[in-house]
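Below is one structure, written out as structure tokens; comments come after it.
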Amino acid sequence: MIDRQTGNLLFSPSVCVRRGDSLETVVALGVGESPKVRDVQTGWKWLFARNVQVGTEYYAFAFGFSDNPLLQVSLAVSSEPFEPVDTWEALSEGDERQRLEALRQWIRREVGRDGAFSCGSVTAEYDFKMPAAAFSSTINPIPI
């Protein structure tokens with residue numbers, strides 16, 4: 001799914017998200033269920049899409065656009081479709097820490113290791129202030 005040389009996300013042979021893509025370009029791909037755009041009024045806009053199926057895995061994405069070019073991607077991966085979470089009580093630290101280890105294994109499979117690679121950096125994290133494990137890819141800026 002992640003091209004190790006470019007960092008592009010390959011959803012299928014004809015559907016690809018690239019660093020620097022505009023919000024409009026990624027929205028037009030129509031990936032996931034009920035995608036939502038949130039403008040956080042700081043120059044950043046986030047596109048959220050869940051249940052993007054690639055092979056046997058399901059993904060939930062947060063695509064981060066700063067003054068429009070795509071600069072950050074966060075995702076979660078599961079063998080089962082993601083259900084909406086309505087309350088914080090539905091989340092458990094134990095479950096999220098297990099998901100964190102699964103994400104680390106996914107990163108090792110996809111890019112070989114957690115850390116920097118030629119087009120950016122990849123990490124798997126657990127944020128205790130927001131009890132969820134997430135993969136995050138920060139894409140190197142496009143040279144001008």
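Just so it is clear: in the sequence shown, position 75 is 75 by my numbering, and no numbers are missing. Even for Gly, the Cβ is constructed at its ideal location relative to N, Cα and C.
Could you tell me the distance, in whole angstroms, from the CA atom of residue 111 to the CA atom of residue 42?
-> 31 Å
Please determine if the region 91 to 103 and the region 40 to 58 are in contact, where contact requires at least 3 C-beta pairs separated by less than 8 Å.
-> no
What are the uninterrupted segments assigned as beta strand (DSSP E) that are 3 or more residues long and contained completely in the region 37 to 106, given in chain order?
-> 44 to 54, 57 to 66, 70 to 78
Identify the continuous alpha helix (DSSP H) that holds residue 26 and give its terminal residues.
-> 23 to 28
Take residue 80 and list the residues in its own chain whose beta-carbon comes closer than 7 Å to its own, dropping the five residues that flank it on each side.
-> 58
Beta-carbon separation (whole angstroms), residue 70 vs residue 63, contact threshold 8 Å | 6 Å
Taking the alpha-carbon positions, what's the residue 20 to residue 74 distance?
-> 15 Å
Select from 72, 11, 14 the residue whose C-alpha is nearest the C-alpha of residue 23.
-> With distances taken between Cα atoms, residue 23 lies closest to 72.
What's the gap between the Cα of residue 66 and the Cα of residue 98?
-> 31 Å
Quick one: what's got a C-beta closer than 7 Å to residue 32's C-beta in the same chain, skipping five residues either side?
-> Hits under 7 Å: 49, 50, 51, 52, 61.
How would you write the range of the beta strand (DSSP E) that residue 17 sits in, first residue to last?
-> 15 to 17
Mind checking whether residue 8 and residue 17 have CB atoms under 8 Å apart?
-> yes
Strand pairing of residue 12, partner residues [DSSP] | 15
Pick from 55, 68, 56: whose alpha carbon is nearest that of residue 47?
-> Closest by alpha carbon: 68.
Within its chain, find whatever has a CB closer than 6 Å to the CB of residue 77; leave out the 5 residues flanking it on each side and keep chain order.
-> 57, 59, 106
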